[in-house]
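Participant: Next up is a structure, given as structure tokens.
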Amino acid sequence: MGASLNEIKTKIASTKKTSQITGAMQMVSAAKLQKAESHAKAFQTYAEKVRKITTDLVSSDNEPAKNPMMIKREVKKTGYLVITSDRGLVGSYNSNILKSVISNIRKRHTNESEYTILALGGTGADFFKARNVKVSYVLRGLSDQPTFEEVRAIVTEAVEEYQAEEFDELYVCYNHHVNSLVSEARMEKMLPISFDEKGDEKASLVTFELEPDRETILNQLLPQYAESMIYGSIVDAKTAEHAAGMTAMRTATDNAHSVINDLTIQYNRARQASITQEITEIVAGASAL
Amino acid sequence: MSENVMTLQVITPAGVVYDHHANYITARTTNGEIGILPNMISTITGLEIDELKVSRPDDETHVDYIAVNGGIIEIKDSLVTIVADSAERNRDIDVSRAERAKIRAEKALEVAKAEKKSDEIKRVEVALHRALNRLNVSSHN
């Protein structure tokens, strides 16, 4: 019974206030998560359509791809687009993704000149800067429901750097949202664009009338395709961020409640002890008379 | 459903903007204006920043206008799909926002021209074109 009654009382009050704040933050995150989920759903239809048109266009072509965005170059330098959050209080969300990126980079590269990093979100940018890793592009302050316009800057930057042969392949590293409790770190190859992995999709037998010609359309469509894929991962990552925030805040609130319970028991015991002591003193005083 | 009807879907990253039957569509592609009728040959082509005119089978006199910011149009089995960065129906356009975008683009264009940055000029011109297109489409109300 080290602490005095008053000390325990203030502790209980302050923990209660903290739990109210974390409780409110949990609800805010929950609301944002719901919004982000519906946003991701709307985007899914777009991504599917772009993919379908691109496969329609590419599959009817028997010649090897000539477009620079589809040609596999010899890999001299790899770009990593790392998506993290801007603020903390999201549990293990950031450390998960950064850990997986670092271990992957260590496995694949021996030399620092073999890779470059594009950071989306302040936590990731600061993390790499603190470790003296070269970050070629930073985008901070993304809103909670990023619009296509907002992320266009970093997406276009990535696509342009690829086209300028700054790097020869691009991976996007982000947390994939599975459900509100689970997310998994993912590393996806975005560029060069390949359709090999979707071998189960039947090549359409319809021949298309192409105007003006295939190359021109591909030049317009492929950047749009790449942009939509990258934007898709950003939306996915944001959804995971809100889910992580919600879970972290729920855990914090639960912890606060258990701390308050313990403290209340401690407080009652201390009070009981002081009462007992008082009675003993009175009884002892009375019997001494 | 009668034979001479096609479906038009306009899809953007923000979701499906337009999903209706249509019996005639006019669009401006990179190669010039085209009219699309049901059962047309399968086509894929790029679109300009311009308006899309759609006449629907349920009302002969009514025409829907949609502002499209570029994108790709695919026509296949009487299903017309347009994927674009952004697109708005005339009734959904926020006129005051479009006005502001136009003024902003005009100012930026002057600055860019004064500084003679050709990339910047091109980009601002596209932005201005988009704003003008939105205003133009919204005037069809």
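Which chain is which? The protein sequence lines are X and F, in order.
In terms of the numbering used here, the first sequence is residues 2 to 290.
In terms of the numbering used here, the second sequence is residues 1025 to 1165.
From the three backbone atoms N, C-alpha and C, an ideal C-beta is built for every residue, glycine too.
#1: Taking Cβ to Cβ, would you say I1035 of chain F is nearer than 8 angstroms to T1105 of chain F?
#2: Out of F:S1163, F:N1157, F:G1094, which one is the CA nearest neighbour of P224 of chain X?
#3: Consider the Cβ of L82 of chain X: report whether some Cβ of chain F lies at a distance smaller than 8 angstroms.
#4: Within a Cβ cutoff of 8 angstroms, which residues of the same chain sit near Q146 of chain X, ignoring the five residues on either side of it in sequence?
#5: Let me see if you follow: with CB-CB separation under 8 angstroms, is T240 of chain X close to chain F or not?
#6: Report the neighbours of I218 of chain X on chain F: residues whose CB is nearer than 8 angstroms to its CB, in chain order.
#7: Let me know if S286 of chain X comes out buried or exposed under the rule of 16 or more other beta-carbons within 10 Å of its beta-carbon.
#8: At what residues does the beta strand (DSSP E) containing T148 of chain X begin and finish?
#9: Residues in the same chain with beta-carbon distance under 7 angstroms from V102 of chain X, minus the five sequence neighbours each way, listed in chain order, please.
#10: For a contact defined as C-beta to C-beta under 8 angstroms, what are the partners of I1145 of chain F on chain X?
#11: As an exercise, report each continuous alpha helix (DSSP H) stretch of at least 4 residues that is fully enclosed by the region 1065 to 1147 of chain F, in chain order.
#12: Please name the residue in F:D1101, F:E1144, F:A1151 whose C-alpha comes closest to that of E1123 of chain F.
#13: List the residues that DSSP assigns as beta-bridge partners of S181 of chain X.
#14: Helix, strand or coil: how does DSSP classify K190 of chain X here?
#15: Hey, does M1030 of chain F have any beta-carbon neighbour from chain X nearer than 8 angstroms?
#16: Between the Cα of H1045 of chain F and those of F:T1031, F:R1154, F:E1130, F:E1057, spot the shortest distance and give me the residue it belongs to.
#17: What does the Cβ neighbour count give for Q164 of chain X, buried or exposed, with the cut at 16 atoms within 10 Å?
#18: Along the chain, where does the alpha helix (DSSP H) containing S292 of chain X start, and where does it finish?
#19: Using a cut-off of 7 angstroms between C-beta atoms, extract the partners of V1040 of chain F located in chain X.
#20: Where does L119 of chain X fall in DSSP's three states?
#21: Would you say H1153 of chain F and I1097 of chain F are within 8 angstroms of each other, going by their C-beta atoms?
#22: For N1114 of chain F versus P213 of chain X, is the C-beta distance shorter than 8 angstroms?
#23: Just checking: is the beta-carbon of L58 of chain X within a distance shorter than 8 angstroms of some beta-carbon in chain F?
#24: With distances taken Cα to Cα, identify the nearest neighbour of T117 of chain X among X:V136, X:I54, X:K100, X:T19.
#25: With a cut-off of 8 angstroms on the beta carbons, I'd call I218 of chain X and G1070 of chain F a contact; round off their distance for me.
#26: Run through chain X and tell me which residues come within less than 7 angstroms of N1055 of chain F, C-beta to C-beta.
#27: Comparing the C-beta of D1074 of chain F with each C-beta of chain X, is any distance below 8 angstroms?
#28: Quick one: using the 10 Å Cβ neighbour count with 16 as the cut-off for buried, is T111 of chain X buried or exposed?
Facilitator: To lay it out plainly:
#1: As a first step, residue 1035 of chain F is located in the second sequence; it is residue number 11 there, counting from the start. As a first step, residue 1105 of chain F is located in the second sequence; it is residue number 81 there, counting from the start. Taking 8 angstroms as the Cβ cut-off, I1035 of chain F and T1105 of chain F qualify as a contacting pair.
#2: Translated into positions along the first sequence, residue 224 of chain X becomes position 223. Of the listed residues, the one whose Cα sits closest to P224 of chain X is F:G1094.
#3: By one-based count along the first sequence, residue 82 of chain X stands at place 81. Not closer than 8 angstroms to any Cβ of chain F, the Cβ of L82 of chain X fails to qualify, so no.
#4: Taking the first sequence and counting its residues from 1, the one referred to as residue 146 of chain X is at position 145. Result list for Q146 of chain X: K33, K36, A37, H40, K239, in chain order.
#5: Here residue 240 of chain X refers to the residue found at position 239 of the first sequence. Not closer than 8 angstroms to any Cβ of chain F, the Cβ of T240 of chain X fails to qualify, so no.
#6: As a first step, residue 218 of chain X is located in the first sequence; it is residue number 217 there, counting from the start. Neighbourhood of I218 of chain X in chain F, by CB distance below 8 angstroms: I1068, T1069, G1070, I1096, in chain order.
#7: As a working mapping, residue 286 of chain X is identified with position 285 in the first sequence. Here the sequence assigns Gly to residue 286 of chain X, which means Ser is not the residue at that position. G286 of chain X is exposed by the Cβ-count criterion.
#8: Position 147 of the first sequence, counted from the start, is the residue given in the question as residue 148 of chain X. From DSSP, T148 of chain X is part of no beta strand (DSSP E); its letter is neither H nor E.
#9: To locate residue 102 of chain X, count along the first sequence from 1; it is residue 101. Annotation for V102 of chain X: Y81, V83, C174 place their beta carbon closer than 7 angstroms to its own, counting only its chain and skipping 5 residues before and after.
#10: Working through the second sequence from its first residue, we reach residue 1145 of chain F at position 121. Listed by position along chain X, the residues whose Cβ is nearer than 8 angstroms to that of I1145 of chain F form an empty set, because the closest Cβ is around 17 angstroms away.
#11: You should have 1119 to 1139.
#12: In the second sequence, residue 1123 of chain F corresponds to position 99, counting from 1. Comparing Cα positions, the closest option is F:A1151.
#13: Against the first sequence, residue 181 of chain X aligns to sequence position 180. Assignment of beta-bridge partners to S181 of chain X by DSSP yields no partner.
#14: For this step, residue 190 of chain X is matched to residue 189 along the first sequence. Three-state DSSP puts K190 of chain X in a strand.
#15: Sequence index remark: in the second sequence, residue 1030 of chain F carries index 6 (1-based). When Cβ-Cβ separations below 8 angstroms define contact, M1030 of chain F makes no contact with chain X.
#16: Within the second sequence, the letter at position 21 stands for residue 1045 of chain F. With distances taken between Cα atoms, H1045 of chain F lies closest to F:T1031.
#17: On the first sequence, residue 164 of chain X is found 163 positions in, with the first residue counted as 1. Around the C-beta of Q164 of chain X, fewer than 16 other C-beta atoms lie within 10 Å, and the residue is accordingly described as exposed.
#18: What is shown of chain X runs 2 to 290, which leaves residue 292 of chain X out entirely.
#19: Start at 1 with the first residue of the second sequence, and residue 1040 of chain F comes out as number 16. In chain order: T46.
#20: Counting from one through the first sequence, the residue named residue 119 of chain X turns up at place 118. It is a strand residue.
#21: What you label residue 1153 of chain F is simply residue 129 of the second sequence in a count that begins at 1. What you label residue 1097 of chain F is simply residue 73 of the second sequence in a count that begins at 1. Result no, Cβ atoms of H1153 of chain F and I1097 of chain F do not sit closer than 8 angstroms.
#22: On the second sequence, position 90 is the one that residue 1114 of chain F refers to. On the first sequence, position 212 is the one that residue 213 of chain X refers to. Cβ distance not < 8 angstroms, so N1114 of chain F and P213 of chain X don't count as in contact.
#23: On the first sequence, residue 58 of chain X is found 57 positions in, with the first residue counted as 1. For L58 of chain X, at least one C-beta of chain F is nearer than 8 angstroms to its own C-beta.
#24: By 1-based counting over the first sequence, the position of residue 117 of chain X is 116. Measuring from the Cα of T117 of chain X, the nearest candidate turns out to be X:V136.
#25: To locate residue 218 of chain X, count along the first sequence from 1; it is residue 217. To locate residue 1070 of chain F, count along the second sequence from 1; it is residue 46. That pair is a contact at about 6 angstroms.
#26: Taking the first residue of the second sequence as position 1, residue 1055 of chain F is located at position 31. Neighbours of N1055 of chain F on chain X, chain order: E212, P213.
#27: Looking up residue 1074 of chain F in the second sequence gives position 50. Taking a beta-carbon distance threshold of 8 angstroms, D1074 of chain F does not count as an interface residue toward chain X.
#28: The count along the first sequence starts at 1 and reaches residue 111 of chain X at position 110. Burial call: exposed.
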